[in-house]
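S.K.: Here you go, one structure.
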């Protein structure tokens, strides 16, 4: 299941970014399981990675390579996460980088590897190595849609976003793809996300944007609270457009940032809409909190409550479960008589109990929608945070009970 | 579903403790939904209550009354939690205490009220008040099994434990009952638990035991991570036996404590075994941790992981999910090459990856069992903690999607 239409946009090609797609037969013969990004030499790349301490070998290698050189290639494989694979996993990730580097005539440190799929299985290096030359030899600017499909695992549909923005007379294009449907509670990154623009962005600005935008989008979604071992989100600036370099004091930065943020949000939301078994797209908004931490604590406690998520699946306005989740979020000194909880535009809780004007009919009307907002006004401060999640359905259990069969 | 036989024990009656059961038709006509504990005047009572800030009206009233007087009566109703009911909820809880007090000829502050059931509905006070006199007039020492059934809600079976222990020639009896199957991650208490002994325990010792034993048992179980608004666990010492008072320096205290702890554990485990949709009883043991906090962080992260719980439901030794959960538990500076993860007696993870001697067959053999231990050895310190949980099945979704229908 999935929420909303979820059709891919028309992708604007990004000058300086060419894509290659191939099949190494990692999990299933013939399945497209390899995607290669080829970047122009002037390109700059910044990224954020999972904070899971059992982070995968490709995450470690990508971090190291990113610190050494400006990347020329990104190599993504699905079907195997190369996580929980110890020393051999590191060797395997480096072997794949070396194979691509040899085929492309660059150094292995100019290649960033990314893997997604099952944890704990050895990476089938030979299959990948033998499939790479053909992929590298056949890259193209127009393959964003293919690439979006090429990085899917349990996703039921490809995820992409693309837009153009005018910077002082210069048209800048932004295109991005992401994947992920389960083991989704990104912590400093999403399952996998790749966003590219032909804007020419100063290194410090690019690094700041990659971190800030990831925090405001991918780091505000959760499907099951399980942080992946392989999360990574990369922001690529190919610098091919004719405009000036965007620096931290550039008057054009806010416009570019807003355009990039919309692409980040679209990609992050697309992951939630395609959450395993998802039938609802839920926005949890916590307002008037005393701190960002308590706002996020309340939002994630509600977003992760199996009781709230199963009530959403049933379209049951069982507001007592939301109240109970808020009450156990660990916020000291909550004023229960002051705070208010809303389902859409319907007030559920006021003065410590059910709002006088609440009726089951009004709550049901909101719950019957496919997109629902749960708003919690703590009446304690000035901080507001939003988190996006989905419901908890039979299909989530089915998908994850049968994942390896 | 439920794990294990779950038959009730033979209850040893507790001199000084008489039980009454009745039907007020709170949710369903004719259903036994009222239980009354009548305590001898010499009885002492200590208890712990939920830390959910949206705690129910009866929890607040019980806390207040317990602070004022030695209780003579405990009044438990099912079918309605009287939680999220604001000021009216407090009035309703007090009205029920007053009605019982009038029928029994005691003061309302000598009555402790407990409620469990749906949150946010007004308590049907009239039904309870009219049913109470008959219940109070017909109490008996031999009704523990009836009482265990009388406090059930979504439970599929009653829960009880009972034993006798010899204290320096004096036989002391201990009997207890509990209930709960969902919204179970007790925080300072379980859904509802009542343990009584005829031992004569000094007030300070009783208070310490109620807190320590609750922490070591009910506060180490989780079904869905949702802390109820109504949790309460009461320890009753009727003081009717012929032995000496048990003080903090009494040589008999360790023996009595051990007997009480076994009853607490049996009752706590019975809740997990009857977890909503449970098909597995899972012990998560974290050893060689540097602190209790990190041991519990790791244990609960694994215990709450929907991916781990669905793998358990599928009897799938998908150890990568356990590894990923440990990695996201927020323990700083984990030595991934030192720590070890076991499924039963089978080592899953060693040297940062799959243990050399692991085989899918050996993992499967453990997973096929109904009772499973996941052991995580952090190799960092000397602290060990255990948490008990169950798997996550289709029935959990069904039960909670249809709870109010």
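Chains as they are written, first to last, in our numbering: chain A, 1 to 405; chain B, 1001 to 1405.
Think of the CB as a built atom: it goes at the ideal place given N, C-alpha and C, for glycine as much as any other residue.
1. Could you spell out where the alpha helix (DSSP H) holding residue 1098(B) opens and where it closes?
2. Please report the straight-line C-alpha distance between residue 189(A) and residue 1118(B), rounded to a whole angstrom.
3. Three-state secondary structure (DSSP) at residue 1138(B)?
4. Within the 8 Å Cβ cut-off, does residue 402(A) reach chain B?
5. Assign residue 1157(B) to one of three DSSP states: helix, strand, or coil.
6. Using the rule of at least 16 other Cβ atoms within 10 Å of the residue's Cβ for burial, across every protein chain shown, is residue 1092(B) buried or exposed?
7. Quick check: is any heavy atom of the ligand ZN less than 7 Å from the C-beta of residue 1240(B)?
8. If contacts are defined as beta-carbon pairs under 8 Å, then residue 95(A) and residue 129(A) qualify, I think. What distance do you get, rounded to the angstrom?
9. Closer than 9 Å, Cβ to any Cβ of chain A: which residues of the segment 1380–1401 of chain B, in chain order?
10. Give the interface partners of residue 351(A) over in chain B, defined as CB-CB distance under 9 Å, in chain order.
11. Looking only at DSSP bridge pairs, what is residue 49(A) linked to?
12. Whose C-alpha, out of 1374(B), 1273(B), 1382(B), is nearest the C-alpha of residue 1289(B)?
13. List, in order along the chain, the chain B residues whose C-beta lies closer than 7 Å to that of residue 53(A)?
14. Could you please give me the residues that DSSP links to residue 194(A) through a beta bridge?
15. Assign residue 127(A) to buried or exposed, taking buried as 16 or more other Cβ atoms, counted over all protein chains shown, within 10 Å of its Cβ.
16. Label residue 1024(B) either buried or exposed according to how many other C-beta atoms from any shown protein chain fall within 10 Å of its C-beta, with 16 as the threshold for buried.
17. Does the contact criterion of 3 or more C-beta pairs under 8 Å hold for the segment 353–370 of chain A versus the segment 266–276 of chain A?
18. For residue 4(A), which of helix, strand or coil comes out of DSSP?
19. Whole angstroms is fine: what's the gap from residue 106(A)'s alpha carbon to residue 32(A)'s?
20. Any beta carbon from chain B within less than 8 Å of residue 228(A)'s own beta carbon?
21. Going by the CB atoms, is the gap between residue 389(A) and residue 223(A) shorter than 8 Å?
22. Any C-beta of chain A sitting closer than 8 Å to the C-beta of residue 1375(B)?
23. If you follow the beta strand (DSSP E) that residue 1375(B) is part of, which residue opens it and which one closes it?
24. Which two residues bound the contiguous alpha helix (DSSP H) that contains residue 1305(B)?
25. Assuming contact is defined by CB atoms lying nearer than 8 Å, are residue 34(A) and residue 150(A) in contact in what I supplied?
26. Measuring CB to CB, does residue 1040(B) end up less than 8 Å from residue 1240(B)?
27. Tell me the residue span of the alpha helix (DSSP H) that contains residue 113(A).
28. Kindly indicate if chain A contains any beta-carbon less than 8 Å away from that of residue 1155(B).
29. What residues of chain B sit near residue 406(A), judged by a beta carbon separation below 9 Å?
30. Within 10 Å of its beta-carbon, does residue 385(A) have 16 or more other beta-carbons around it, so buried, or fewer, so exposed?
31. So, for residue 133(A): in the same chain, excluding its five sequence neighbours on each side, which residues have a beta-carbon less than 6 Å away from its beta-carbon?
32. Any idea what DSSP makes of residue 1313(B), helix, strand or coil?
33. My output table needs one value for residue 1021(B): the three-state DSSP class, helix, strand or coil.
34. For residue 320(A), does the three-state DSSP call read helix, strand or coil?
35. Identify every residue that forms a DSSP beta bridge with residue 1347(B).
M.R.: In this structure, then:
1. 1086–1104
2. With a pLDDT of 46 at residue 189(A), under the threshold of 50, the modelled position of this residue cannot be trusted; read the value that follows with caution. Rounded to whole angstroms, residue 189(A) to residue 1118(B) spans 39 Å at the Cα level.
3. coil
4. yes
5. coil
6. buried
7. In terms of ligand content, the structure shown is empty, and the ligand ZN therefore cannot be addressed.
8. 7 Å
9. 1392, 1393, 1394, 1396, 1397, 1398, 1399, 1400, 1401
10. 1086, 1087
11. 232(A)
12. 1382(B)
13. 1327, 1334, 1336
14. 177(A), 234(A)
15. buried
16. buried
17. no
18. coil
19. 24 Å
20. yes
21. yes
22. no
23. 1371–1377
24. Unbroken run through residue 1305(B): none, as it is neither H nor E.
25. yes
26. yes
27. Careful: residue 113(A) lies outside any alpha helix (DSSP H), inside the beta strand (DSSP E) at 111–116.
28. no
29. This structure cannot speak to residue 406(A), because chain A is shown only from 1 to 405.
30. buried
31. 103
32. helix
33. strand
34. helix
35. 1342(B)
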